[in-house]
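Everything below concerns the one structure shown next.
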Amino acid sequence: MRDIAGTSILVTGGGSGIGAGVARTLVERGARVTISGRREHKIRQVAGELGPACLAVPGDVTVAADRERLVEAAVEHGGGLDTLVNAAGNMYRGALAELDEQRMLDLYHANVVGPVQLSGLALPALARSKGSIIFFGSVHTQRAFPGASPYAATKGALESLTGVLASELGAQGVRVNCVRPGAVYTEINERAGLGTPEEAHARLQGLAGAHALGRIGTPEEVAEAVVYLAGAEWVTGGILTVDGGLALGVTHA
Amino acid sequence: MGLAVVTGAGSGIGAVIARHAAKAGYRVALWDVDEVSVREVAADIGESAVARKVDVTSEPSVVAAFEALDEAPALVVNNAGLVRFGPLRTLSLDDWEAVLKVNLTGTFLVSRQAAAMMEPASGGAIVNIASINGIAAAPNAGAYTATKAAVIRLTEQMALEWGPAGIRVNTVAPGLILAGMSDAIYADEQVREQRQAQVPLGRLGTAEQVADCVLFLGSAGAAYITGQVLAVDGGLTKSALRNLARPKTVDSVGL
Numbered sequence: 001m002r003d004i005a006g007t008s009i010l011v012t013g014g015g016s017g018i019g020a021g022v023a024r025t026l027v028e029r030g031a032r033v034t035i036s037g038r039r040e041h042k043i044r045q046v047a048g049e050l051g052p053a054c055l056a057v058p059g060d061v062t063v064a065a066d067r068e069r070l071v072e073a074a075v076e077h078g079g080g081l082d083t084l085v086n087a088a089g090n091m092y093r094g095a096l097a098e099l100d101e102q103r104m105l106d107l108y109h110a111n112v113v114g115p116v117q118l119s120g121l122a123l124p125a126l127a128r129s130k131g132s133i134i135f136f137g138s139v140h141t142q143r144a145f146p147g148a149s150p151y152a153a154t155k156g157a158l159e160s161l162t163g164v165l166a167s168e169l170g171a172q173g174v175r176v177n178c179v180r181p182g183a184v185y186t187e188i189n190e191r192a193g194l195g196t197p198e199e200a201h202a203r204l205q206g207l208a209g210a211h212a213l214g215r216i217g218t219p220e221e222v223a224e225a226v227v228y229l230a231g232a233e234w235v236t237g238g239i240l241t242v243d244g245g246l247a248l249g250v251t252h253a
Numbered sequence: 001m002g003l004a005v006v007t008g009a010g011s012g013i014g015a016v017i018a019r020h021a022a023k024a025g026y027r028v029a030l031w032d033v034d035e036v037s038v039r040e041v042a043a044d045i046g047e048s049a050v051a052r053k054v055d056v057t058s059e060p061s062v063v064a065a066f067e068a069l070d071e072a073p074a075l076v077v078n079n080a081g082l083v084r085f086g087p088l089r090t091l092s093l094d095d096w097e098a099v100l101k102v103n104l105t106g107t108f109l110v111s112r113q114a115a116a117m118m119e120p121a122s123g124g125a126i127v128n129i130a131s132i133n134g135i136a137a138a139p140n141a142g143a144y145t146a147t148k149a150a151v152i153r154l155t156e157q158m159a160l161e162w163g164p165a166g167i168r169v170n171t172v173a174p175g176l177i178l179a180g181m182s183d184a185i186y187a188d189e190q191v192r193e194q195r196q197a198q199v200p201l202g203r204l205g206t207a208e209q210v211a212d213c214v215l216f217l218g219s220a221g222a223a224y225i226t227g228q229v230l231a232v233d234g235g236l237t238k239s240a241l242r243n244l245a246r247p248k249t250v251d252s253v254g255l
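Order-wise, the sequence lines are chains A and R.
Residues in the first sequence are numbered from 1 upward in steps of one, following the UniProt record's numbering.
Residues in the second sequence are numbered from 1 upward in steps of one, following the UniProt record's numbering.
Structure representation (structure tokens):
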């Protein structure tokens, strides 16, 4: 295992949800972490909590100039780049007949095109460090949640390209893996129109009984999978599901 | 850290898993059908290790081994495995059944007994060692592929049934590893180079890398991971099409 202490890690979407949990865990383990996000106050708040090991760089992964700034900032802050964690993501939901074309394209841009472009930009630095790229899939690729088709499709794309890129970049010593979380309460659930924080939370809690372990997960539990994959020098093309057994399809009779 | 049980711990990947577990702070029970080798490995590890002759295909042997433990194990690693190479057309029924018994029935017997001890202790982790052959078939693998695929599905079944008891069950699928059962294969330099070339990361794996994955899945860091299979294979199972030829001038088709 490569020890992540002292390594340089860029986490997109680090201002909230799973991205913030990942940043917190990585800093605790001694990594130099650069976080990015569109909402400056959010990433500043997280970086403020985590101290000088964490640098906040406002930026949007769908904007080319922002992507360049992110990679440059991470390389400078961490003295190179060992791991790129593509945690930035959005959710858009709706019934089929009501789906808005532009919002679907925007979602694909934010969840797939932006992260892939960013990964390409980070590749020279990652090749120098024999580093790795981590994408986030979703339990939405394993179980159908009606109304979530745009989101599920973008996550399916990320899971597919994990294998392709692992195969493509292996010769340069760069690994590509994917973490597939299950039900984790974050504000993405509110942004997706699942109601007030209380309503969104209750909706997720309602899924607890469908998990083998009987409960929903936390961003920190997902972060542990990122720590493992960042250091696992012979794991590439892998999809590590962290879902408490949700996708097993548990039915308690 | 508690107690870890490793089956097939007398040699190869199992011995390395046992060593790594001891280094991580577990007390380790090393089980193997070969008493001499497992005692040697345990003696080498030192005071935190105890060796025992156990035949995972025998229910009385497995039950007695668990009864001899002084506490419920925190981690059980089903590593004991057997391969009998040969084309299916000429594979003897004895060979077929021998492989099924160790790889599948053995995993079932050990896991079931482990779960019975773990449940009153409010949980634990079981890690099964399958193979990339459980994900993709390979010529000459005989019954091995079918048993390893079965272990992956059995992992899901056990995770589902024992999750409420706090028992997590996961599988590691090692790829081309330079250790244990594969030593004889990689002694041939030409075969070794040809195989390495198929791996996106361009090299064979080590038993230590498999052990790292096992210990991660057994650790508190994996508290929310259950029912999963994780390939430790340098990308091999995702690379089936990487060696296909394509004209350099063709970048897109159908547009």
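Cβ coordinates follow ideal geometry from the N, Cα and C atoms, glycine included.
Taking the beta carbon of residue i as the centre, do at least 16 other beta carbons fall within 10 Å, making it buried, or is it exposed?
i	result
A:Gly-206	exposed
R:Asp-188	exposed
A:Asn-111	buried
R:Ala-72	buried
A:Glu-221	buried
R:Ala-29	buried
A:Arg-215	exposed
residue 283 of chain R	Since the displayed chain R opens at 1 and closes at 255, residue 283 of chain R lies outside it and no answer follows.
R:Ile-44	The question names Ile, but residue 44 of chain R in the sequence shown is Asp. Label assigned to R:Asp-44: exposed.
A:Ala-47	buried
R:Pro-139	exposed
A:Gly-51	exposed
A:Thr-196	exposed
R:Asp-94	exposed
R:Val-50	buried
Give the range of the beta strand (DSSP E) segment to which residue i is assigned.
i	result
A:Phe-135	132-136
A:Pro-58	54-58
R:Val-229	229-232
R:Val-76	75-78
R:Val-151	Note, R:Val-151: premise wrong, no beta strand (DSSP E); alpha helix (DSSP H) at 144-162.
R:Ala-125	124-129
R:Thr-7	3-7
R:Asn-246	One detail in the question is off: residue 246 of chain R reads as Arg in this sequence, not Asn. Premise fails: R:Arg-246 is in no beta strand (DSSP E) and is neither H nor E.
A:Gly-89	Segment: none, A:Gly-89 is in no beta strand (DSSP E) and carries neither H nor E.
R:Asp-32	27-32
R:Lys-53	49-53
Output the boundary residues of the alpha helix (DSSP H) element that contains residue i.
i	result
R:Gly-218	207-218
A:Pro-219	219-231
A:Lys-155	149-169
R:Arg-39	35-45
A:Pro-181	Note, A:Pro-181: premise wrong, no alpha helix (DSSP H); beta strand (DSSP E) at 175-181.
A:Pro-124	114-129
R:Lys-23	12-23
A:Ile-4	Taken as a continuous stretch (DSSP letters only), A:Ile-4 belongs to no alpha helix (DSSP H), as it is neither H nor E.
Between residue i and residue j, how many whole angstroms is the CB-CB distance? I'm expecting something under 8 Å.
i	j	result
A:Val-176	A:Ser-129	Not confirmed; about 14 Å, so no contact.
R:Leu-3	R:Ala-74	6 Å
residue 275 of chain R	R:Ala-159	Because chain R in this structure spans residues 1 to 255, residue 275 of chain R falls outside the shown range and cannot be described.
A:Glu-159	A:Gly-182	Actually they are not in contact, since the Cβ atoms of A:Glu-159 and A:Gly-182 sit about 14 Å apart, beyond 8 Å.
A:Ala-232	A:Met-1	6 Å
A:Gly-244	R:Thr-226	7 Å
A:Gly-163	R:Lys-238	4 Å
A:Gly-30	A:Ile-4	7 Å
R:Gly-142	R:Arg-84	5 Å
A:Val-235	R:Val-232	5 Å
A:Ala-247	A:Val-139	5 Å
So, at 6 Å on beta carbons, what are the nonlocal neighbours of residue i in its own chain, with the 5 sequence-adjacent residues on each side left out?
i	result
A:Arg-38	Asp-60
R:Ile-152	Ala-130, Gly-134, Thr-171, Val-229
A:Gly-114	Val-61, Thr-62
R:Ala-21	Ala-4, Val-28
Apart from the five residues just before and just after residue i, which ones in its own chain have a Cβ nearer than 7 Å to its Cβ?
i	result
R:Gln-113	Val-62, Val-63, Phe-66
R:Thr-57	Lys-101, Val-102, Thr-105, Gly-106
R:Ala-121	Ala-72
A:Ala-208	Gly-214, Arg-215, Ile-216
Can you list, in chain order, the residues of its chain with a C-beta nearer than 8 Å to that of residue i? Leave out the 5 residues immediately preceding and following it.
i	result
R:Leu-104	Thr-147, Ala-150, Val-151, Leu-154
A:Val-75	Ser-8, Leu-81, Ala-125
R:Tyr-26	Met-1, Gly-2, Leu-3, Ala-4, Ser-48, Ala-74, Leu-75
R:Thr-90	none
A:Ile-18	Ala-87, Phe-136, Pro-181, Val-184, Thr-186, Pro-219, Val-222, Ala-223
Relative to chain R, which residues along the segment 199-228 of chain A have a C-beta separation below 8 Å, given in chain order?
His-211, Ala-212, Leu-213, Gly-214, Gly-217, Thr-218, Glu-221, Val-222, Glu-224, Ala-225, Val-227, Tyr-228
With 7 Å as the C-beta to C-beta threshold (strictly closer), list the residues of the segment 118-132 of chain R near chain A in chain order.
none
Taking a cut of 7 Å between CB atoms, which residues from the segment 96-117 of chain R lie near chain A?
none
Residues in the segment 137-168 of chain A with C-beta within 7 Å of chain R's C-beta atoms, listed in sequence order?
Gly-163, Ala-166, Ser-167
If the cut-off is 8 Å on Cβ atoms, which residues from the segment 177-202 of chain R count as contacting chain A, listed in chain order?
Val-199, Pro-200, Leu-201, Gly-202
Using a Cβ cut-off of 7 Å, which residues of the segment 54-78 of chain A contact any Cβ in chain R, in chain order?
none
What are the residues of the segment 64-89 of chain R that lie near chain A, defined by any Cβ-Cβ distance shorter than 9 Å?
none
Residues, ordered as in the chain, of the segment 150-176 of chain R that lie near chain A by beta-carbon distance below 7 Å:
Glu-156, Ala-159, Leu-160, Gly-163, Pro-164
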